[in-house]
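The block underneath contains the structure these notes are about, expressed in structure tokens.
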Ligand code: GLU
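Residue numbers (our numbering): 1362 to 1765.
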């Protein structure tokens, strides 16, 4: 998914919502794009922070460590964060950061040094009332801890609200670790109830934080997880997978494919399985024109960012597959990040049930606002989600006097 795909999509929304040239321009323009080169043991890594839209509050979004990350992708992800915070109705704008690196190839010392250097490069641009980073693909609570520590050393004061997704011991929030998946499940349950579906089979592509926790939570909720996958391949058993076993195999051997009580299939085959719910929770562009017509699921819950291309979206809508888009489906992560920041600023910490109840309240409200629009027009669920987010952002821009 590149940034041009996004600007094209905004143009499409612009026609539907009758947006002016000024409004389109404000929506498509990143406020600030920061880049740096970080050096660790003679190796150089490109690093980024893009602050996309800040009309609704300080910018917010994760930092991704991945060998294929580049400025264009970070910009696309920062744009989505701006919409995501608007959909979840948390008082933030959107940002994203990254480093072009394969963290699996670094020693723990190198990983720490690289993470601290990211802060040294960008510390002037971030802060609890400016821009608040968080974890994303291949970044962890430990990395957030190093980053917070580096920031506090530079500022000479404690500042837990500078970053979210921290370990509990350093001001993290209960439930943040499973928040993306849990938020997705709350949204899914609303959609299942609206559609009156009773079948409970699920296939999950990707077994990282979001995918694995979604599998756990959904199976506790009585869903049957028939397939899961990681970058090495997929496993499938129509009777249902024994999740505790699969997690053990993943932890011990680094891949789910070594689980024995299932058929080995490809990541591509997993998407085409005859299941009720499909959960793409790996990287972007999993569902394209090539495979969209083969999808049999009734609901797609996008826990990954950008797993469906716009062309595939049109096919799925025609085939009556309900796509719960990323900016709603995975907004539980940033919502609990917001709760973490509130707790840091307040210096008073909530119990797990309070966090869960407040997360549920926010996401059920967001889902229902979109469902109401969706039921009254012929556009797909993603378009309706964008319409809600864009309306909220433009209202804030207008109140600031930026649309005169
Ligand atoms: N990286 C996550 C996302 O894409 C979380 C961002 C945050 O908590 O700020 O939504």
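Cβ atoms here follow ideal geometry from the backbone N, Cα and C, with glycine treated the same way. Because the structure is a prediction, the values reported are computed rather than measured.
Exposed unless 16 or more other CB atoms sit within 10 angstroms - verdict on residue 1709: exposed
Length at least 3, wholly inside the stretch 1563–1644: the beta strand (DSSP E) runs in chain order: 1585–1591, 1594–1597, 1624–1626 and 1638–1641
DSSP on residue 1679, reduced to helix/strand/coil? helix
Under the three-state reduction of DSSP, which class applies to residue 1481: helix, strand or coil? helix
Please state whether the Cβ-Cβ distance between residue 1433 and residue 1364 is less than 8 Å. yes
Beta strand (DSSP E) runs contained entirely in the stretch 1418–1475, provided each spans 3 or more residues: 1420–1427 and 1455–1461
Indicate whether residue 1523 and residue 1509 have their beta-carbon atoms separated by less than 8 Å. yes
What is the DSSP secondary structure of residue 1667, reduced to helix, strand or coil? coil
Mind checking whether residue 1425 and residue 1447 have CB atoms under 8 Å apart? no
Are the CB atoms of residue 1583 and residue 1625 within a distance shorter than 8 Å? no
Looking only at DSSP bridge pairs, what is residue 1529 linked to? Beta-bridge pairing links residue 1529 to no other residue.
Any idea if residue 1511 is buried or exposed, counting beta-carbon neighbours within 10 angstroms, 16 or more meaning buried? buried
Beta-carbon gap between residue 1698 and residue 1421 smaller than 8 Å: yes
Just reading off the alpha helix (DSSP H) that residue 1502 is part of, what are its end residues? 1502–1516
Residue 1476 and residue 1504: beta carbons closer than 8 Å? yes
Which class does residue 1404 belong to by DSSP, given the choice of helix, strand or coil? strand
When the Cα of residue 1682 is compared with those of 1651, 1729 and 1743, which residue comes out closest? 1743
Assigned secondary structure, residue 1701 (DSSP; H/G/I helix, E/B strand, else coil): helix
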